[in-house]
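Here is the structure we will look at, set down as structure tokens.
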């Protein structure tokens, strides 16, 4: 039986979604629909996917007490390690 779960290069296209720098250097992708996807996916579905990905990145980059403490502990752990090793 033929394995149809893998696509070969002749059936796939390489597509790059450009970064959106309108809000600075935060990780965000442009919501512009690429013409290469015309007929393969609905443009509204594509925009929903990109917005969902952008919201995941926004949540990951948000500042909170938790992320502040994680970074402080990471720095302290790294510097405390130097006390245990000869430098």
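Numbering (our numbering), first residue to last: 2 to 88. Note that the Cβ used here is the ideal one computed from N, Cα and C, for glycine as well.
Residue closest to residue i, alpha-carbon to alpha-carbon, out of the options
i	options	result
residue 13	38, 19, 76	38
Residue i vs residue j beta-carbon contact at 8 Å
i	j	result
residue 18	residue 51	yes
residue 36	residue 16	no
Segment contact flag, the segment 49-68 with the segment 13-33, C-beta cutoff 8 Å, min 3 pairs: For the pair of segments examined, the segment 49-68 was found to touch the segment 13-33: the number of CB pairs separated by less than 8 Å reaches three.
Inside the segment 27-67 only - alpha helix (DSSP H) runs reaching at least 4 residues: Entirely contained in the segment 27-67, the alpha helix (DSSP H) runs reaching 4 residues are, in chain order, 44-62.
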